[in-house]
Each structure stands twice: as C-alpha cells, then as structure tokens.
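Asker: Structure incoming, see below.
Number of protein chains: 2
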Amino acid sequence: MSHSVVNLAEKALRIQDTWSPRVVAQMNDVQFKLVRVEGPFVWHAHDDTDEAFLVLEGALEIELPGSSVQLGPGELFVVPRGTRHRPVAHAPCLLMLVEPRGVVNTGDTGGEKTAENDRWI
Amino acid sequence: MSHSVVNLAEKALRIQDTWSPRVVAQMNDVQFKLVRVEGPFVWHAHDDTDEAFLVLEGALEIELPGSSVQLGPGELFVVPRGTRHRPVAHAPCLLMLVEPRGVVNTGDTGGEKTAENDRWI
Chain V
1 MSHSVVNLAE KALRIQDTWS PRVVAQMNDV QFKLVRVEGP FVWHAHDDTD
51 EAFLVLEGAL EIELPGSSVQ LGPGELFVVP RGTRHRPVAH APCLLMLVEP
101 RGVVNTGDTG GEKTAENDRW I
Chain A
1001 MSHSVVNLAE KALRIQDTWS PRVVAQMNDV QFKLVRVEGP FVWHAHDDTD
1051 EAFLVLEGAL EIELPGSSVQ LGPGELFVVP RGTRHRPVAH APCLLMLVEP
1101 RGVVNTGDTG GEKTAENDRW I
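Spelled out as structure tokens, the structure:
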C-alpha cells in the first residue's frame, strides 16, 4: 500500500493487457483499480458487494438484465450487489474500478478471464 | 441513492459554493462526493477512516505534518486515518472525495466550515 500521489495517466501507461485490474490506491478496505478493457467480458455478479465503474478513456457498455447503460469519459456507474452484468467495450477503454479489496473480476462465473487479484502497480 | 449513470461534469455544473461536498454515488457504505474548493481549509483529522482525494479540475495542495503533497487533474491521494491534514487550493479546484458515508468534512476540528452531510445531487 502506498500513500504517495497517484497519477492515473502515468499508471495507465504501464498497463498493456486487458481485463487485468491493477490496484493503484486503497482507502480503508476499498481499492482503486485501473484496467484496460476491450470487447465483451463475461456475465457475472458479485453477491457481496456493489462495484463502481468510472470511465477514464473510451466508452463502456454495461449490459444488465433487460437493459444496459452507456458510459463515456467522466461517467460513473455503480452496479448493485447481486446484479448480473456484462461489461462490453466496443473500442479500447480505460476504467477505474472502486470496490473492496478481494473482489474477483469474474465474480461468481470464473473462467479464463479471471485475473490475479490484489496486483498493485 | 441512485443507480443511474453519473456524469461528473454535469453534476459539477450544479455546484456553485465551496467546501460543501455533494454526494453523487454510493458503493456499499462508501460515497463519491464532488466539492469545489478554493483557499485554505482547516487543519483536521478523521480518526476512523482514510480519505481519498481525486482532483478533477485545478490543483490542490494537501498540507500534512511536516510536508505537503501537490495534486493536479487526474491525481489521487489517500490521507491515512488519523493523519492531520489541511487542503489548500491556491486557485479554484474541483475534487472528488471517496470516503465512507457520514464523514464530516472538518473531522475533529468542526467550526464554521463544517458542511451538511449526506447531501446528494
């Protein structure tokens, strides 16, 4: 855990891969994670926690049961706990996730897109 | 509490006053608050929680015991719980605070800059 100033753009330059969140800061038990995404993710839910998405670059669609939301830069959306969702980036997108430490990116679904957790940059 | 898309710039347009945080979203018990700041705040601490500052526009100095940090747009800093600090904006600045619901802006110091809490826009 670091208490230095975190420049989000500088941190993002160090991320090349997609769907692999990197922790950049922590506030109590809540982590701030940067992640590049592109294409469709997997449908999943987090039964124990809400999950906040803030788009920094690009655009993200979050599919929800029966609907979807569209996020552009500077737009924030909170997926309520237990709500199934599927992020889909139709073009490259840089996100900041804000969620408790220990949340697995694929939630209850798992599979090959499951990323290593608690990975700091 | 709202689970719609939050456009931070649109929300910020509705804030004219300074040092009065407005809640725009909540993730579990953690609130995302927008606040305009200008000039010096009061020295204070939050004994029970860390506090995350993300500068959206302008610049912020956070004075700490014996040091200070400088934040520009897209820079994030977490003040550890119990650490005395004084935010100082040498020019108008727009911040996003991320902290648990119920945190009082002036912490243990109180006084005339104490803002109404849990005020949503």
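Here the protein sequences line up with chains V and A, keeping their order. Residue 121 is where the first sequence ends in the working numbering, and the numbering goes up by one at each step. Residue 1121 is where the second sequence ends in the working numbering, and the numbering goes up by one at each step. Yeah, the Cβ is synthetic: ideal placement off N, Cα and C, and Gly gets one too.
1) At the level of alpha carbons, what is the spacing between Asp1029/A and Gly1107/A?
2) Using a beta-carbon distance below 8 angstroms, is Pro100/V in contact with chain A?
3) For the beta strand (DSSP E) holding Ala9/V, just list the boundary residues, first then last.
4) Which bits of chain V does Thr1049/A rub up against, with CB to CB less than 9 angstroms?
5) Near Ala1073/A, what residues of its chain come up, given a Cβ to Cβ distance below 7 angstroms and the 5 sequence neighbours on each side ignored?
6) Report the neighbours of Leu8/V on chain A: residues whose CB is nearer than 9 angstroms to its CB, in chain order.
7) Got a sec? Which residues, its chain only, sit under 6 angstroms from Lys113/V by beta carbon, not counting five neighbours each side?
8) Would DSSP call Pro145/V helix, strand or coil?
9) Shorter than 8 angstroms from the beta carbon of Val1037/A to some beta carbon of chain V?
10) Give me the Cα-Cα distance between Ser1068/A and Glu1061/A, rounded to the nearest whole angstrom.
11) I'd like the list of long-range same chain contacts for Glu75/V, defined as Cβ closer than 6 angstroms, with 5 residues on each side in sequence excluded.
12) With distances taken Cα to Cα, identify the nearest neighbour of Pro40/V among Gly102/V, Asn117/V, Arg86/V.
13) Could one say the Cβ of Leu34/V lies closer than 8 angstroms to chain D's Cβ atoms, at least one of them?
14) The beta strand (DSSP E) spanning Ile121/V covers which residue range?
15) In the structure shown, what three-state DSSP assignment does Glu112/V receive?
16) Note the first and the last residue of the continuous beta strand (DSSP E) segment covering Ser125/V.
17) What residues of chain V sit near Leu1071/A, judged by a beta carbon separation below 7 angstroms?
18) Below 8 angstroms between beta carbons: does that hold for Trp1120/A and Arg1014/A?
19) Determine the direct distance from the alpha carbon of Phe32/V to that of Ala1012/A, and round the result to whole angstroms.
20) Looking at Val1079/A: is its Cβ nearer than 8 angstroms to the Cβ of Glu1051/A?
21) Nearest by alpha-carbon distance to Asp1047/A: which of Cys1093/A, Gln1016/A, Val1104/A is it?
22) Pick helix, strand or coil for Thr1018/A, following the three-state DSSP scheme.
Answerer: For this structure:
1) Whole-angstrom Cα-Cα distance: 18 angstroms.
2) It does: the Cβ of Pro100/V has a partner Cβ on chain A nearer than 8 angstroms.
3) In this chain, Ala9/V is not harboured by any beta strand (DSSP E); it is covered by the alpha helix (DSSP H) spanning 8-13.
4) Residues of chain V passing the Cβ test: Met27, Asn28.
5) Inspection of the sequence shows that residue 1073/A is occupied by Pro rather than by Ala. The answer, listed in chain order, is Val1055, Leu1056, Glu1057.
6) Chain A residues near Leu8/V: Leu1054, Gly1074, Glu1075, Leu1076.
7) If we look at Lys113/V and ignore the five residues flanking it on each side, its Cβ neighbours are Trp19, Val42, Thr106.
8) The structure shown has nothing for residue 145/V, since chain V only spans 1 to 121.
9) Against chain V, the CB of Val1037/A has no partner CB under 8 angstroms away; the residue lies outside that interface.
10) Ser1068/A and Glu1061/A: Cα-Cα distance of roughly 7 angstroms.
11) Apart from sequence neighbours up to five positions away, the residues of its chain that approach Glu75/V with a beta-carbon distance below 6 angstroms are Val55, ordered along the chain.
12) Measuring C-alpha to C-alpha distances from Pro40/V to each of Gly102/V, Asn117/V, Arg86/V identifies Arg86/V as the nearest.
13) Absent from the structure is chain D; the protein chains it does hold are V and A.
14) Counting along the chain, Ile121/V falls outside any beta strand (DSSP E), and DSSP gives it neither H nor E.
15) Under the three-state reduction of DSSP output, Glu112/V falls in the coil class, being neither helix nor strand.
16) There is simply no residue 125/V to check, as chain V begins at 1 and stops at 121 in what is shown.
17) Simply Val5.
18) Against a cut-off of 8 angstroms, the Cβ pair of Arg1014/A and Trp1120/A comes out as no contact.
19) Each residue's Cα considered, the two are about 22 angstroms apart.
20) Yes, Cβ-Cβ distance for Val1079/A and Glu1051/A is below 8 angstroms.
21) Answer by Cα proximity: Val1104/A.
22) Thr1018/A falls in the strand class under three-state DSSP.
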